[in-house]
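Under full-length UniProt numbering, think of the first position of the first sequence as 1, with each following residue one higher.
Glycine residues also receive a C-beta, built at the ideal position from the N, C-alpha and C atoms.
Here the structure is a predicted model, which is why all the values come from computation and not from measurement.
First comes the structure, then the notes that go with it.
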Amino acid sequence: MGSLIDLNLYPDSPLTDAAATAFLTLNVPKLEPKEEPFDEPPNFHTNFTNPNFDSAPNTQPDASKPVEQDVNGNDVYSEFNRISELFNAAFSGKTEKYDETEAIDPDSRAIVPVPEEEIQHSAVVDSSRRRNHQRSGELVRVTNLGLEDERYFRHVVRKTRMIYDSLRVFVSMEDEKRRNNHHVFGRNRNARGDLKSASVMKDRGLWLNRDKRIVGAIPGVYVGDIFFFRMEICVVGMHGLPQAGIDYLTSSQSSNGDPIATSIIVSGGYEDDQDAGDVIIYTGQGGQDKYSRQADHQRLEGGNLAMERSMHYGIEVRVVRGFRYEGSPSGKVYVYDGLYKVVGSWLETGKSGFGVIKFKLVRMENQPEMGSVVLKYAENLRNGPLESRPGGYVCMDMSMKKEKMPVFLFNDIDNNHEPMFYEYLPTSKVVFALERNGGEFAYDQNGLLVRGKPLIFECGPHCSCPPNCRNRVSQNGIKNRFEVFRSKETGWGVRSLDLIQAGSFICEYTGVILTREQAQLFSINGDNLIYPNRFGERWAEWGDLSQIFSDYVRPSSPSVPPLDFALDVSRMRNVACYLSHSSCPNVLVQLVLYDHSNFAFPHLMMFAMENIPPMRELSLDYGEADEWTGKLSICN
DNA sequence: GCAACATCAACTAT
DNA sequence: CATAGTTGATGTTG
1 MGSLIDLNLY PDSPLTDAAA TAFLTLNVPK LEPKEEPFDE PPNFHTNFTN
51 PNFDSAPNTQ PDASKPVEQD VNGNDVYSEF NRISELFNAA FSGKTEKYDE
101 TEAIDPDSRA IVPVPEEEIQ HSAVVDSSRR RNHQRSGELV RVTNLGLEDE
151 RYFRHVVRKT RMIYDSLRVF VSMEDEKRRN NHHVFGRNRN ARGDLKSASV
201 MKDRGLWLNR DKRIVGAIPG VYVGDIFFFR MEICVVGMHG LPQAGIDYLT
251 SSQSSNGDPI ATSIIVSGGY EDDQDAGDVI IYTGQGGQDK YSRQADHQRL
301 EGGNLAMERS MHYGIEVRVV RGFRYEGSPS GKVYVYDGLY KVVGSWLETG
351 KSGFGVIKFK LVRMENQPEM GSVVLKYAEN LRNGPLESRP GGYVCMDMSM
401 KKEKMPVFLF NDIDNNHEPM FYEYLPTSKV VFALERNGGE FAYDQNGLLV
451 RGKPLIFECG PHCSCPPNCR NRVSQNGIKN RFEVFRSKET GWGVRSLDLI
501 QAGSFICEYT GVILTREQAQ LFSINGDNLI YPNRFGERWA EWGDLSQIFS
551 DYVRPSSPSV PPLDFALDVS RMRNVACYLS HSSCPNVLVQ LVLYDHSNFA
601 FPHLMMFAME NIPPMRELSL DYGEADEWTG KLSICN
């Protein structure tokens with residue numbers, strides 16, 4: 001029997017039927033590792049602080065600098081953009097006269113020679129690899145990131161995800177137009193925007209972490225981050241394969257010839273999987289027919305062998321879990337749950353009677369709570385708040401039924417009930433007449449904001465369109481269950497019990513509108529005035545496809561005069577008032593008109609800039625941080 | 001229910 | 001021996 005076990009440890013010695021039959025009569029046999037071929041894992045580059053760009057900041061945090069700038073005062077995106085330009089040039093037919101000896105000057109946009117001493121540090125991978133679109137085989141573990149680096153990578157990941165999401169929406173809207181204009185036989189199906197978006201970004205060199213094989217955490221991706229598409233995970237460099245569940249460094253790329261698994265996706269696609277959270281029994285890949293039925297024995301090769309080798313060397317593996325999830329555009333969500341170690345592997349008879357390879361994975365210590373656990377917890381809170389969390393509720397609906405969904409008020413820290421002292425104001429008061437919408441749809445079929453604009457017109461009370469008209473989104477009120485909660489870090493904060501997809505409407509920022517003159521009378525007590533003209537223009541970031549289309553121009557119409565009013569929230573306010581400030585916010589403000597046509601007093605509507613997991617604090621860029629004392633800057 | 005889809009590792013041909 | 005081209009495996013999505 002022992003020889004059978006060894007026989008199956010090599011990729012070129014697949015399990016024969018006879019061997020498998022004999023083998024499977026054993027009780028959960030242990031797979032012995034290869035005869036200790038190496039004591040050491042393949043070569044690693046450790047303490048590698050910046051896997052993307054050699055010249056990115058790697059310094060101690062400096063709280064005095066705005067996050068948008070690096071230590072040299074440069075725009076943090078400039079390097080990102082520079083690399084993108086290089087890739088763009090490389091993929092647009094200019095490859096022949098374009099190599100690492102040239103670069104695009106970030107200021108003049110002209111092609112300039114790269115100084116000799118910088119060439120060998122170029123972040124651009126070698127030309128043959130670039131041409132073949134292939135990933136590098138360099139094994140890297142990212143450690144000891146400073147706060148500044150963390151923020152930098154978060155920005156890059158966030159920006160990349162925004163491009164992916166808005167391009168995906170853009171592609172499906174174009175496809176919808178096309179199908180409406182030309183009735184094509186047999187092509188009524190929606191385009192795969194998820195695939196197309198990723199593909200275009202790949203051609204533009206916008207996928208992250210292609211030049212390294214990262215073992216362990218991906219910089220800028222947090223435990224609990226949520227993805228709606230497999231391709232989205234590929235684009236940020238978490239998992240390089242659009243379908244396969246095990247991503248790995250191949251033996252031919254490994255310095256010692258052993259393949260190494262870097263990441264798995266547990267999607268429940270294998271009947272023999274068992275998932276207990278901290279401990280996963282993961283089924284290897286292979287042996288399924290085209291209907292995803294287990295129809296053959298699995299072999300210890302490819303990703304399966306890589307998992308076994310990762311176990312042998314004690315190398316950590318990223319775990320993403322896939323769930324069915326109502327409300328997701330794809331019907332599923334993928335949650336990054338952190339790092340696990342493979343602690344065991346064996347062969348056993350699966351439910352369908354074929355040999356399957358099992359891996360036991362155990363979650364590593366000292367990591368943030370699992371995203372999938374938080375998802376489950378939030379679901380319990382939605383179904384029975386008091387059962388799941390008996391203590392701490394101040395009020396089960398501080399809007400007093402003025403919102404369509406309850407707004408919970410939660411405080412388990414102190415006895416502060418302050419939000420109850422204000423009248424709840426679901427929408428800012430307006431008294432003018434209606435303006436019609438102009439031109440293209442502002443929202444897609446699912447009510448997602450396509451791209452930010454200076455001002456959006458929704459249909460209003462005088463339109464003859466039905467109430468479920470696609471052009472009525474923000475006026476229909478909140479769709480999520482929010483909770484105002486007391487926090488030691490940020491005072492009051494807001495979080496959602498629901499998963500919020502990027503581009504979704506969150507809520508209006510309400511208050512009593514004061515003109516400049518009125519506000520000046522009020523300014524003795526300035527704490528309770530909000531100045532919307534100070535809000536960061538984050539709407540411009542949403543749907544910014546300038547890195548995809550060279551002729552992309554930032555929307556400039558309709559032109560809106562600078563906002564010249566203040567919101568008085570001293571007596572009446574809504575849930576929005578409790579949002580914390582961040583220079584790396586997950587919520588943006590989009591100006592919207594629907595019930596009147598006065599450009600001077602638009603509604604301040606808030607939309608999600610990211611996929612926001614349940615229980616994660618919402619944050620908004622209030623502009624100058626000094627103006628909003630008491631609110632700390634957070635970045636997650 | 002099922003076709004279309006993207007990527008890559010591994011293979012074959014040049 | 002190196003590189004260019006092909007194929008099979010993988011599972012998701014509408």
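Integer Cβ distance of Gly371 from Tyr336, believed to fall under 8 Å: 6 Å
Burial state of Arg151, where buried means 16 or more other Cβ atoms lie within 10 Å: Looking at its Cβ environment, which holds 16 or more other Cβ atoms inside 10 Å, Arg151 is buried.
Ignoring anything shorter than 3 residues, give me the beta strand (DSSP E) runs that lie fully in the UniProt domain "Pre-SET" (391-477), in order along the chain. Unbroken beta strand (DSSP E) runs of no fewer than 3 residues, entirely contained in the UniProt domain "Pre-SET" (391-477), are found at 393-395, 407-410, following chain order.
Using beta-carbon positions only, say whether Asp194 and Phe229 come within less than 8 Å of one another. yes
Check for me: the beta strand (DSSP E) holding His239 runs from which residue to which? No beta strand (DSSP E) holds His239; DSSP gives it neither H nor E.
On the three-state DSSP scale, how would you describe Trp539? In the structure shown, Trp539 falls within a helical segment according to DSSP collapsed to helix, strand and coil.
What separation, rounded to the nearest whole angstrom, lies between the Cα atoms of Asn468 and Gln475? 11 Å
Please state whether DSSP places Tyr531 in a helix, a strand or coil. Tyr531: coil per DSSP, three-state reduction.
Are the CB atoms of Leu167 and Arg213 within a distance shorter than 8 Å? Not closer than 8 Å, so no.
When you compare each of Lys360, Arg573, Asp498 to Tyr325 by their alpha carbons, which one comes out closest? Asp498
Using a 10 Å radius around the Cβ and a threshold of 16 neighbouring Cβ atoms, would you call Ile413 buried or exposed? exposed
Note down, in chain order, each residue of its chain lying with its Cβ closer than 7 Å to the Cβ of Phe535, except the 5 sequence neighbours on either side. Val589, Asp621, Tyr622, Gly623
In the DSSP assignment, find the beta strand (DSSP E) that holds His603 and state where it starts and stops. 603-608
Applying the 10 Å Cβ sphere with the 16-neighbour rule, what's the burial state of Thr515? An exposed status is given to Thr515, since fewer than 16 other beta-carbon atoms sit within 10 Å of its beta-carbon.
Extent of the continuous alpha helix (DSSP H) to which Val200 belongs: 193-203
So for Asp337, helix, strand or coil by DSSP? strand
Less than 8 Å between the CB atoms is what I'm expecting for Val362 and Val343, so what's the real figure, rounded? 5 Å
Straight-line Cα distance separating Val215 from Leu139: 7 Å
Please identify the residue among Ala217, Met231, Val223, Lys177 whose C-alpha is closest to the C-alpha of Lys196. Met231
Among Gly338, Arg309, Gly452, the one whose alpha carbon lies nearest that of Val279: Gly338
What residues in its chain sit with their C-beta under 7 Å from that of Ser487, if we drop five residues either side in the sequence? Gly493
Can you find the residues in the same chain that come closer than 7 Å, C-beta to C-beta, to Pro614, ignoring five residues on each side of it along the sequence? Val374, Leu375, Ala378, Ser496, Leu497, Asp498, Leu499
Opening and closing residue of the alpha helix (DSSP H) in which Cys234 lies: 230-235
May I have the straight-line CA-CA distance separating Gly287 from Ala276, to the nearest angstrom? 24 Å
Please name the residue or residues paired with Gln518 in a DSSP beta bridge. BP columns for Gln518 are empty, so no partner.
8 Å Cβ cutoff met for residue 702 and Arg470: The requested residue 702 does not occur in the structure, where the chain is confined to residues 1 to 636.
Suppose the cutoff is 8 Å on Cβ atoms and the five residues either side in sequence are ignored; what does the same chain contact list for Met364 look like? Glu316, Gly338, Leu339, Tyr340, Lys341
Look at the alpha carbon of Leu409 and the alpha carbon of Asn380, and state the distance between them as a whole number of angstroms. 17 Å
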